[in-house]
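Working notes, beginning with the structure itself.
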Amino acid sequence: MITRAQQRQAQEQAARLMEAAGIRLSSGEREAIAVADFGLGRLETEGAQILTFVDTDRIAAKVIALLPGQTLPEHWHRPVGSDPGKEETLRVIAGPLYLYTPGPDTLREGRIPPGKEQVYSVRHERVMRLGDQVTLAPGDVHWFQAGPTGAVLYSFSTTARDILDGFTDPDIVRQTVIADEPRGETP
Ligand code: ZN
39 MITRAQQRQA QEQAARLMEA AGIRLSSGER EAIAVADFGL GRLETEGAQI LTFVDTDRIA
99 AKVIALLPGQ TLPEHWHRPV GSDPGKEETL RVIAGPLYLY TPGPDTLREG RIPPGKEQVY
159 SVRHERVMRL GDQVTLAPGD VHWFQAGPTG AVLYSFSTTA RDILDGFTDP DIVRQTVIAD
219 EPRGETP
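Just so you know, the working numbering puts the end of the sequence shown at 225, numbered straight through with nothing missing.
Given below as structure tokens:
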């Protein structure tokens with residue numbers, strides 16, 4: 039759960055990162071940036087800010103901004119009916135971004151979120167910078183983390199059904215709950 043104030047603050051920070059990376063946003067889009075805490079309630083450590091440009095039954099295009107050191111938790115895109123699952127291309131426009139996939143443990147630059155050693159199982163590290171991109175096949179387990187200055191990346195994919203993604207961390211709930219401030223605290 040995050041509060042409205044946290045949501046607004048994260049939207050502002052994300053918009054600043056996106057604009058610094060050269061993405062121009064309309065005022066409506068700034069407010070449309072989705073802030074996800076994955077139900078963990080520690081947004082600055084594990085979370086993401088996502089602006090969806092298009093999301094149809096066939097394709098999706100999004101821009102993701104991560105705050106400095108913020109981690110998008112380990113997940114994979116599940117098959118749905120006859121669809122093998124989301125194929126996703128990540129293209130970094132402001133890095134560094136540390137991407138982790140299966141393979142030999144080469145984790146050096148990033149770090150496992152505190153207390154979460156069990157649920158970050160893939161640790162093959164790729165340090166991605168402006169213009170670096172990777173295409174992940176359906177079912178490929180992955181997670182990524184912003185470097186010390188935050189990160190901005192595009193996600194181009196086949197149809198996205200984020201709500202059905204698999205997460206290694208059993209505490210994760212994909213739908214973020216936004217709590218209104220208690221009455222009396224708002225002027
Ligand atoms: Zn993904």
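The beta carbon of each residue, even a glycine, is placed where N, CA and C say it ideally should be.
Can you give me the C-alpha to C-alpha distance between residue i and residue j, rounded to a whole angstrom?
i, j, result
"methionine 166", "threonine 127", "13 Å"
"alanine 175", "lysine 124", "7 Å"
"alanine 53", "arginine 129", "18 Å"
"alanine 43", "aspartate 209", "24 Å"
"proline 140", "isoleucine 61", "31 Å"
"leucine 78", "threonine 214", "9 Å"
"tryptophan 181", "threonine 144", "14 Å"
"glutamine 108", "glycine 66", "25 Å"
"leucine 168", "alanine 58", "13 Å"
"proline 134", "leucine 55", "13 Å"
"arginine 226", "aspartate 178", "Outside the shown range of the chain (39 to 225) lies residue 226, about which nothing can therefore be said."
Less than 9 Å between the C-beta atoms of residue i and residue j, yes or no?
i, j, result
"aspartate 207", "valine 157", "yes"
"proline 111", "glutamate 84", "yes"
"glutamine 171", "tyrosine 136", "no"
"isoleucine 216", "isoleucine 97", "no"
"aspartate 121", "threonine 196", "yes"
"proline 106", "glycine 188", "yes"
Spell out the partners DSSP gives residue i in its beta bridges.
i, result
"aspartate 93", "Ala98"
"glycine 204", "Trp114"
"leucine 174", "Glu126"
- Query: Do three or more CB pairs link the stretch 89-106 to the stretch 186-193 at distances below 8 Å?
  - Reply: yes
- Message: Across the stretch 114-123 and the stretch 144-157, are there enough close Cβ pairs to call them in contact, namely three or more that are closer than 8 Å?
- Response: no
- May I have a chain-ordered list of the beta strand (DSSP E) segments no shorter than 3 residues that lie completely inside the stretch 75-145? 86-93, 97-104, 109-114, 126-132 and 135-139
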